[in-house]
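Data first, discussion second: the structure below is written as structure tokens.
2 protein chains.
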Amino acid sequence: MNTADLGLPVDVPSTALFTDQYELTMLQAALRAGTAERRSVFEVFTRRLPEGRRYGVLAGTGRVLDAVENFRFDPDVLDFLRERDIVGEETLRWLAEYRFRGDIWGYPEGEVYFPGSPVMRVEGSFAECVLLETVILSILNHDSAIAAAASRMSSAAGGRPLIEMGARRTHELAAVAASRAAYIGGFTSTSDLAAGFRYGIPTVGTSAHAFTLLHDRERDAFRAQVESMGRGTTLLVDTYDVAEAVRAAVEVAGPELGAVRIDSGDLLLVAHRVRQQLDELGATGTRIIVTSDLDEYAIASLAAAPVDAYGVGTQLVTGSGHPTCSMVYKLVARAESTDPSAPLVAVAKRSTGGKTSIGGRKWAARRPDERGETEAEVVGTGPVPAGLVDRQLLVELVKGGEVVAREPLDAARDRHIAARAALPLSATQLSRGEPVLPTEYVIDEDD
Amino acid sequence: MNTADLGLPVDVPSTALFTDQYELTMLQAALRAGTAERRSVFEVFTRRLPEGRRYGVLAGTGRVLDAVENFRFDPDVLDFLRERDIVGEETLRWLAEYRFRGDIWGYPEGEVYFPGSPVMRVEGSFAECVLLETVILSILNHDSAIAAAASRMSSAAGGRPLIEMGARRTHELAAVAASRAAYIGGFTSTSDLAAGFRYGIPTVGTSAHAFTLLHDRERDAFRAQVESMGRGTTLLVDTYDVAEAVRAAVEVAGPELGAVRIDSGDLLLVAHRVRQQLDELGATGTRIIVTSDLDEYAIASLAAAPVDAYGVGTQLVTGSGHPTCSMVYKLVARAESTDPSAPLVAVAKRSTGGKTSIGGRKWAARRPDERGETEAEVVGTGPVPAGLVDRQLLVELVKGGEVVAREPLDAARDRHIAARAALPLSATQLSRGEPVLPTEYVIDEDD
Numbered sequence: 091m092n093t094a095d096l097g098l099p100v101d102v103p104s105t106a107l108f109t110d111q112y113e114l115t116m117l118q119a120a121l122r123a124g125t126a127e128r129r130s131v132f133e134v135f136t137r138r139l140p141e142g143r144r145y146g147v148l149a150g151t152g153r154v155l156d157a158v159e160n161f162r163f164d165p166d167v168l169d170f171l172r173e174r175d176i177v178g179e180e181t182l183r184w185l186a187e188y189r190f191r192g193d194i195w196g197y198p199e200g201e202v203y204f205p206g207s208p209v210m211r212v213e214g215s216f217a218e219c220v221l222l223e224t225v226i227l228s229i230l231n232h233d234s235a236i237a238a239a240a241s242r243m244s245s246a247a248g249g250r251p252l253i254e255m256g257a258r259r260t261h262e263l264a265a266v267a268a269s270r271a272a273y274i275g276g277f278t279s280t281s282d283l284a285a286g287f288r289y290g291i292p293t294v295g296t297s298a299h300a301f302t303l304l305h306d307r308e309r310d311a312f313r314a315q316v317e318s319m320g321r322g323t324t325l326l327v328d329t330y331d332v333a334e335a336v337r338a339a340v341e342v343a344g345p346e347l348g349a350v351r352i353d354s355g356d357l358l359l360v361a362h363r364v365r366q367q368l369d370e371l372g373a374t375g376t377r378i379i380v381t382s383d384l385d386e387y388a389i390a391s392l393a394a395a396p397v398d399a400y401g402v403g404t405q406l407v408t409g410s411g412h413p414t415c416s417m418v419y420k421l422v423a424r425a426e427s428t429d430p431s432a433p434l435v436a437v438a439k440r441s442t443g444g445k446t447s448i449g450g451r452k453w454a455a456r457r458p459d460e461r462g463e464t465e466a467e468v469v470g471t472g473p474v475p476a477g478l479v480d481r482q483l484l485v486e487l488v489k490g491g492e493v494v495a496r497e498p499l500d501a502a503r504d505r506h507i508a509a510r511a512a513l514p515l516s517a518t519q520l521s522r523g524e525p526v527l528p529t530e531y532v533i534d535e536d537d
Numbered sequence: 091m092n093t094a095d096l097g098l099p100v101d102v103p104s105t106a107l108f109t110d111q112y113e114l115t116m117l118q119a120a121l122r123a124g125t126a127e128r129r130s131v132f133e134v135f136t137r138r139l140p141e142g143r144r145y146g147v148l149a150g151t152g153r154v155l156d157a158v159e160n161f162r163f164d165p166d167v168l169d170f171l172r173e174r175d176i177v178g179e180e181t182l183r184w185l186a187e188y189r190f191r192g193d194i195w196g197y198p199e200g201e202v203y204f205p206g207s208p209v210m211r212v213e214g215s216f217a218e219c220v221l222l223e224t225v226i227l228s229i230l231n232h233d234s235a236i237a238a239a240a241s242r243m244s245s246a247a248g249g250r251p252l253i254e255m256g257a258r259r260t261h262e263l264a265a266v267a268a269s270r271a272a273y274i275g276g277f278t279s280t281s282d283l284a285a286g287f288r289y290g291i292p293t294v295g296t297s298a299h300a301f302t303l304l305h306d307r308e309r310d311a312f313r314a315q316v317e318s319m320g321r322g323t324t325l326l327v328d329t330y331d332v333a334e335a336v337r338a339a340v341e342v343a344g345p346e347l348g349a350v351r352i353d354s355g356d357l358l359l360v361a362h363r364v365r366q367q368l369d370e371l372g373a374t375g376t377r378i379i380v381t382s383d384l385d386e387y388a389i390a391s392l393a394a395a396p397v398d399a400y401g402v403g404t405q406l407v408t409g410s411g412h413p414t415c416s417m418v419y420k421l422v423a424r425a426e427s428t429d430p431s432a433p434l435v436a437v438a439k440r441s442t443g444g445k446t447s448i449g450g451r452k453w454a455a456r457r458p459d460e461r462g463e464t465e466a467e468v469v470g471t472g473p474v475p476a477g478l479v480d481r482q483l484l485v486e487l488v489k490g491g492e493v494v495a496r497e498p499l500d501a502a503r504d505r506h507i508a509a510r511a512a513l514p515l516s517a518t519q520l521s522r523g524e525p526v527l528p529t530e531y532v533i534d535e536d537d
């Protein structure tokens, strides 16, 4: 499944510039003030889910690990920072030596999350941790938004396969990450060759309307496609008249025709008509694939229709109305001094205008009720209550700068399916509602 | 301005895999059927603007030109296609030699567009043109969505500077393209260092709440920042109590303090209070920058507030409610045979389910009324009416495979500002409405 060994063509030499300028100016000011080496704890969390959503899906963790490993300041990057006078020579020397040597813990990829869940915790010196803020948030905010939409769509699709085909609707590299996140959220395959190349996701695709229009007659196009791809191919039947196209398709390919694709019109109605026609023509094994502007609601509305697979584009790669998450990366604790034994002090923004958060280094656990069903997301500081020790959610991802938790993409996908299944049943209702688990805080007063 | 010579670290070795698999399977079937070399015309257009929007903004053209130049199938890519059995050896040999050798015309970057505007036209053999569909749409759909949002925001901001700071809210490379599109749409600078590096966009940034929280007292953080960055820096004043912070900021930096930033709360109210306090403290030249969840409506609502600059993140990089455009890439004409002199035949999907389009190779012009004010977007096939010949919108971008229209980013930015200014005044109303220019079609019956 994992073909990453083939090469990393969609990666970039360094991730260090996927960074807001203020991370570097803060670094410089802290270096000069002697505070840069204070041990610090940053946490990634979101204050809320998108309106009406029942759960979030963490995706992008594997990409964060790659980004942290590749976060280094090469000579051309240092030259740029120097030419622009963004930081001074002392800071440039520090950056030239930069490697993250701290620790990262987090929810494993594919896990569900709720408001306040500390989905990632980055610990080290202030200097080494603050630099990672922008790229970590870029990855988690994007990928988790796509995975959440994908998860809702895969619930709605039941066991039917879902094809990701949104590359043309989003940035060409965001598309590759979107395919990856969609796969974690339960999609089956992608149209995007770069996603197949980079992440080993199964790729699919046969033809577009242009192929039919290129030929003098629809039948000529069908014949050309079947000769090239075999009778098991999928023929697109809505360029002209659907009924005529289905008849021509079965004539050309025979009843062994793999599938027909419908990309426009009233899919519910057309799918029923096409199924009946295919059956009458003896093509009882020919599948029907639908692909027109689907979202989770449209997928659900086709549950009783004779549809065998869904292709989803725009609504998937734009997060079905919520193209980003609102994850933030906040300093929650830092040492009183640069003395390695100095105790950590919990810190938090406290102004009156909202955006406050809870200070202190957090643990998280998912608590079951007496019947064993999950009933709450518990987030706390200080000691973990005995009953929750074995139910903690954060795992070690990076230890002293070394990635310790790489895994194949299928592991994240399997984890997501299991995590979603362990939620209360109302999690997969598509209607708007509150988060399916309440978040409870257990704050240690000494912290 | 243009520092592209510094290197291309956010580019990728080849763009050929930013492609839906069906482009390759269509290619193979057409090669075998002998139709692949039919001369073909594909056009990029959108059937509608996002609901309520008055105009679209074309962005990404420059990135498309890069992508077309770098669209080639390297050995590792060919190996991948072979291993996955996506196409056969004959097609792989064809792909190994692939270079686009056709012609591309289009609206110049930064130009406005309307439903039906043929914003890009790709002409050559079916084979060489069909392969470019996915990557061209990825770029134009993403970048134009961001530019449209940026343009509305820059209208709303009047002459006040706009800082793009959305990197953390979108995919890390989409963020770089978003900075570029925002700059075209009228933004002034970006927080994203990669956008500065790759496209020469001015970068800015000073500090976050974490920097204040790192220090024992807010005043210590301010002092550290001023010592590092000088009195002209921007101090963030809403970590604890805003009024206390403003007092401390002016005490530490003196009345020469460059700016204060407010990132939460009721910005209208807080900006007025902070302005009054700064003036009373003698810091009459200290500017106020606001940065909290702004969109074009929030920016407009602050028009009368003493605000000197806006920083915009989430709503910019997500297209302010419309994170993608609905541009499509359609075969509109193709030759009757592979004979180079064979005439072009207009083609179009004609099924009843919607998504129909107008066949034929198009021209476009923007028609003024008798007072010289722009009154319609005219799109046609066949001969261009004499009065519109000098008002045509498409320009040559690629000729026989060679890019002929590279330009600095500022040219696109200046063009956008001029194009928007030439529209009827209602173009810049933020309220929902119809496209500010109607699209009129002049279809040649012989075509």
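Those protein sequences? They're chains A and B, same order as listed.
So for the first sequence, my numbering puts the first residue at 91; every next one is plus one.
So for the second sequence, my numbering puts the first residue at 91; every next one is plus one.
Just so you know, even glycine gets a beta-carbon here, dropped at the ideal spot from N, CA and C.
Open item on the list: Quick test of your reading: Ala-237 (chain B) and Gly-275 (chain B), contact by CB under 8 Å. State the CB separation rounded to the nearest angstrom.
Closed with: That belief holds up - the Cβ atoms of Ala-237 (chain B) and Gly-275 (chain B) are roughly 4 Å apart, short of 8 Å.
Task: Host beta strand (DSSP E) of Glu-127 (chain B) (start-end) - done: No beta strand (DSSP E) holds Glu-127 (chain B); DSSP gives it neither H nor E.
Task: Check whether Met-417 (chain A) and Phe-301 (chain B) have beta carbons under 9 Å apart - done: Not closer than 9 Å, so no.
Open item on the list: Quick check: what's the CA-CA separation for Arg-377 (chain B) versus Val-332 (chain B)?
Closed with: Rounded to the nearest angstrom, the two C-alpha atoms are 15 Å apart.
- [ ] Identify the contact partners of Ala-246 (chain A) in chain B, using a Cβ-Cβ distance below 9 Å as the criterion.
- [x] What Ala-246 (chain A) touches in chain B: nothing, since even the nearest Cβ is about 21 Å away.
Task: Close Cβ partners of Ile-507 (chain B) (< 7 Å) along its chain, the five nearest in sequence each way excluded - done: These residues qualify, in order along the chain: Gly-276.
Open item on the list: I believe Thr-280 (chain B) touches Ser-269 (chain B) by the beta-carbon criterion, under 8 Å. Please report the beta-carbon distance rounded to the nearest angstrom.
Closed with: Thr-280 (chain B) to Ser-269 (chain B), Cβ: 4 Å. Contact.
Open item on the list: Quick check: is the beta carbon of Val-342 (chain B) nearer than 9 Å to any beta carbon in chain A?
Closed with: No, because no Cβ of chain A sits closer than 9 Å to the Cβ of Val-342 (chain B).
Task: Rounded straight-line distance, which links the Cα of Leu-182 (chain A) to that of Val-435 (chain A) - done: Straight-line Cα distance between these residues: approximately 29 Å.
- [ ] Would you mind listing the alpha helix (DSSP H) stretches within the region 327-373 of chain B that are 4+ residues and don't spill past its ends, in chain order?
- [x] Counting only runs of 4 or more, we get 332-343, 357-370.
Task: is_contact[Asp-110 (chain B), chain A] using C-beta, thresh 9 Å - done: By this cut-off, Asp-110 (chain B) is an interface position.
TODO: Give, in chain order, every residue of the region 259-277 of chain A whose Cβ lies closer than 9 Å to some Cβ of chain B.
DONE: Those residues of the region 259-277 of chain A placed with their C-beta closer than 9 Å to a C-beta in chain B are Arg-259, Thr-260, His-261, Glu-262, Leu-263, Ala-264, Ala-265, Val-266, Ala-267, Ala-268, ordered along the chain.
TODO: Classify Val-131 (chain A) as buried or exposed, calling it buried when 16 or more other Cβ atoms lie within 10 Å of its own Cβ.
DONE: The residue is buried, with at least 16 neighbouring Cβ atoms inside 10 Å.
Task: Per-residue contacts from Val-225 (chain A) into chain B (C-beta, under 8 Å) - done: Residues of chain B passing the Cβ test: Glu-262.
TODO: Starting from Met-243 (chain B), find everything on chain A with Cβ-Cβ shorter than 9 Å and list it in chain order.
DONE: Simply none; closest approach about 17 Å.
Task: Which listed residue (A:Ser-516, A:Gly-256, A:Thr-518) has its alpha carbon closest to that of Cys-415 (chain B) - done: Looking from the CA of Cys-415 (chain B), the closest CA among A:Ser-516, A:Gly-256, A:Thr-518 belongs to A:Gly-256.
- [ ] Quick one: list the residues of chain B neighbouring Gln-118 (chain A), beta-carbon separation under 9 Å, in chain order.
- [x] Below the 9 Å Cβ cutoff, chain B contributes Ser-318, Met-319 as neighbours of Gln-118 (chain A), in chain order.
TODO: Please state whether DSSP places Gly-286 (chain B) in a helix, a strand or coil.
DONE: Looking at Gly-286 (chain B) - three-state DSSP - the assignment turns out to be helix.
Task: Residues of its chain near Ala-217 (chain B), where Cβ-Cβ distance is below 8 Å and the 5 sequence neighbours each way are ignored - done: Only Leu-117, Ala-120, Leu-121, Ala-126, Glu-127, Trp-184 meet the Cβ criterion.
Open item on the list: Would Leu-252 (chain B) and Val-402 (chain B) qualify as a contact pair, given that the criterion is a beta-carbon distance under 9 Å?
Closed with: Between Leu-252 (chain B) and Val-402 (chain B), the C-beta spacing is below 9 Å.
Open item on the list: Does chain A have any CB closer than 9 Å to the CB of Ala-237 (chain B)?
Closed with: Cβ-Cβ to chain A under 9 Å: no for Ala-237 (chain B).
Open item on the list: Does Met-255 (chain A) come out as helix, strand or coil in the three-state DSSP assignment?
Closed with: Here Met-255 (chain A) sits in coil by DSSP.
- [ ] Please list the residues of the region 328-340 of chain B that have a C-beta atom closer than 8 Å to any C-beta atom in chain A, keeping them in chain order.
- [x] Residues of the region 328-340 of chain B with a C-beta atom less than 8 Å from some C-beta of chain A are Asp-328, Thr-329, Tyr-330, Asp-331, Val-332, listed in chain order.
Task: Residue nearest to Arg-505 (chain A) in terms of C-alpha spacing, selected from A:Val-147, A:Gly-142, A:Gly-192 - done: The candidate whose alpha carbon is nearest that of Arg-505 (chain A) is A:Val-147.
TODO: May I ask you to report which of helix, strand or coil DSSP gives Glu-465 (chain A)?
DONE: Assigned with DSSP and collapsed to three states, Glu-465 (chain A) falls in strand.
Task: C-alpha distance - Pro-205 (chain A) paired with Phe-190 (chain B), whole-angstrom precision - done: One Cα belongs to Pro-205 (chain A), the other to Phe-190 (chain B), and the distance between them is close to 49 Å.
- [ ] Could you name the residues of the same chain whose beta carbon sits closer than 8 Å to that of Ser-516 (chain B), not counting the 5 residues immediately before and after it, in chain order?
- [x] Cβ neighbours of Ser-516 (chain B) within its own chain (closer than 8 Å, five residues either side excluded): Arg-144, Gly-523, Val-526.
TODO: Step through the CB atoms of chain A and report whether any lies within less than 9 Å of the CB of Ala-94 (chain B).
DONE: Any reading at Ala-94 (chain B) must be qualified, since the residue scores a pLDDT of 36, below 50, and its modelled position is unreliable; the value itself is stated next. Answer no: the Cβ-Cβ gap between Ala-94 (chain B) and chain A never drops below 9 Å.
Open item on the list: Determine whether the beta carbon atoms of Ala-441 (chain B) and Val-422 (chain B) lie at a separation below 9 Å.
Closed with: Looking at the sequence provided, one finds Ser at residue 441 (chain B) rather than Ala. Not closer than 9 Å, so no.
Open item on the list: So Phe-161 (chain B) contacts chain A; which residues on that side make the cut at Cβ distance below 7 Å?
Closed with: Residues of chain A passing the Cβ test: none, with the nearest at roughly 11 Å.
TODO: Taking C-beta pairs closer than 7 Å, name the residues in chain B that Thr-408 (chain A) reaches, listed in chain order.
DONE: What Thr-408 (chain A) touches in chain B: Pro-413, Thr-414.
Open item on the list: Just to confirm before moving on: does the CB-CB distance between Leu-406 (chain A) and Glu-254 (chain A) stay below 9 Å?
Closed with: Yes; because the gap between Cβ atoms is below 9 Å, this pair is in contact.
Task: Own chain residues within Cβ distance below 6 Å of Val-102 (chain B), not counting five before or after - done: Confidence is the limiting factor: at Val-102 (chain B) the pLDDT is only 49, short of 50, which leaves the residue's position unreliable and the question unanswerable from this model.
Open item on the list: Strictly below 8 Å CB to CB, what residues from chain B border His-299 (chain A)?
Closed with: The answer, in chain order, is Lys-420, Leu-421, Lys-439.
Task: DSSP state of Asp-110 (chain A) mapped onto helix, strand, coil - done: For Asp-110 (chain A), the secondary structure class from DSSP, reduced to helix, strand or coil, is strand.
- [ ] Please name the residue, chosen from A:Asp-193, A:Ile-176, A:Arg-129, A:Glu-370, that lies closest to Leu-155 (chain A) on a Cα-to-Cα basis.
- [x] Checking every option, the nearest Cα to that of Leu-155 (chain A) belongs to A:Asp-193.
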